[in-house]
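Student: Let me begin by handing over the structure; questions about it come next.
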Ligand code: DGL
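Numbering (my numbering), first residue to last: 87 to 345.
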């Protein structure tokens with residue numbers, strides 16, 4: 087482990103780019119190595135054991151190839167694997183992400199909060215604990231968003247097909263507008279505008295990207311692993327699907343969200 091080494095950022099596919107954006111903004115001097123496991127996406131429809139095994143094997147490879155820290159930029163993989171990761175790599179800097187329930191639950195008095203997440207995230211014990219922590223402060227409804235990650239992985243981040251899918255997902259709300267929405271999957275901030283349009287322009291949306299970036303900075307500082315701040319860092323993209331189109335989409339999404 088060396089301050090000059092890159093920070094590995096992983097997700098089931100493109101979603102972690104919404105976290106990478108915040109990491110690059112906060113630490114432009116660092117080198118980032120982004121790995122998306124699009125060949126195995128969506129994680130949210132797999133079993134906990136499958137997602138845990140995939141996440142552990144990515145961590146093993148990235149640490150052995152010299153990463154100084156690992157950011158699990160995926161709520162589903164964090165829920166399924168963060169405990170196992172911390173046990174197996176107990177001398178490493180590992181940061182996870184969880185649905186941003188805290189700021190949403192405290193956004194006003196007793197708000198109606200809608201949590202959008204993958205089916206597997208919502209099934210995790212970790213999520214049960216999070217709910218128990220905040221359901222005194224807010225009226226929380228969960229919405230498993232089947233099919234949304236698949237659309238985003240196909241590059242559908244705007245347009246009618248996406249809007250129609252979101253309208254179908256929100257149909258159980260029967261027109262009731264929540265006071266706050268938690269984007270509990272890192273893919274969803276990539277379609278923030280479409281979500282905002284369908285749910286209502288005034289509804290605040292919360293995601294864990296900024297908090298995760300701040301926590302990464304804090305942990306690197308604490309471990310004495312920050313790179314020199316007088317340099318400009320690099321971002322490299324890798325994807326298990328080995329598709330030039332996907333890699334181009336990764337670069338476009340980073341630029342798009344960085345605007
Ligand atoms: N981006 C991931 C998350 O934050 C998971 C998407 C998937 O289902 O693969 O939960």
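Cβ atoms here follow ideal geometry from the backbone N, Cα and C, with glycine treated the same way.
Kindly give me the distance between the Cβ atoms of residue 168 and residue 158, rounded to whole angstroms, as I take these residues to be in contact under 8 Å.
Tutor: As a position in the chain shown, residue 168 is number 82, starting the count at 1. As a position in the chain shown, residue 158 is number 72, starting the count at 1. About 6 Å; that satisfies the 8 Å criterion.
Student: Any heavy atom of the ligand DGL closer than 7 Å to the beta-carbon of residue 129?
Tutor: For the purposes of this step, residue 129 is taken as the residue at position 43 of the chain shown. Under cutoff, so the answer is yes.
Student: Within the same chain, show all residues whose beta-carbon is closer than 6 Å to that of residue 344, passing over the 5 residues directly before and after it, in chain order.
Tutor: Locating residue 344 in the chain shown gives position 258, where the first residue counts as 1. Reliability of the predicted coordinates at residue 344 is poor, the pLDDT of 49 falling under 50, and the value obtained from them is presented with this limitation in mind. For residue 344, where only same-chain residues beyond five positions count, the Cβ hits under 6 Å are 107.
Student: Could you please give me the residues that DSSP links to residue 322 through a beta bridge?
Tutor: For the purposes of this step, residue 322 is taken as residue 236 along the chain shown, with counting starting at 1. DSSP lists 119 as partners of residue 322.
Student: Count the other C-beta atoms from every protein chain shown that fall within 10 angstroms of the C-beta of residue 308, then say buried if there are 16 or more, exposed otherwise.
Tutor: The residue you call residue 308 lines up with position 222 of the chain shown. When all chains shown are included, residue 308 counts as exposed.
Student: What span of residues does the beta strand (DSSP E) with residue 266 cover, start to end?
Tutor: Your numbering for residue 266 matches position 180 in the chain shown. Here the beta strand (DSSP E) through residue 266 covers 266-269.
Student: What separation, rounded to the nearest whole angstrom, lies between the Cα atoms of residue 176 and residue 155?
Tutor: Sequence index remark: in the chain shown, residue 176 carries index 90 (1-based). Sequence index remark: in the chain shown, residue 155 carries index 69 (1-based). Residue 176 and residue 155: Cα-Cα distance of roughly 12 Å.
Student: State the Cα-Cα distance for the pair residue 327 and residue 215, rounded to the nearest angstrom.
Tutor: For this step, residue 327 is matched to residue 241 along the chain shown. For this step, residue 215 is matched to residue 129 along the chain shown. Each residue's Cα considered, the two are about 34 Å apart.
Student: Within its chain, find whatever has a CB closer than 7 Å to the CB of residue 248; leave out the 5 residues flanking it on each side and keep chain order.
Tutor: The residue labelled residue 248 in the question sits at position 162 within the chain shown. These residues qualify, in order along the chain: 237, 242, 277, 280.
Student: What span of residues does the beta strand (DSSP E) with residue 225 cover, start to end?
Tutor: Indexing the chain shown from 1 puts residue 225 at position 139. Start and end: 225-230.
Student: At the level of alpha carbons, what is the spacing between residue 102 and residue 222?
Tutor: The residue given as residue 102 occupies position 16 in the chain shown. The residue given as residue 222 occupies position 136 in the chain shown. Going by the C-alpha atoms only, they are around 30 Å apart.
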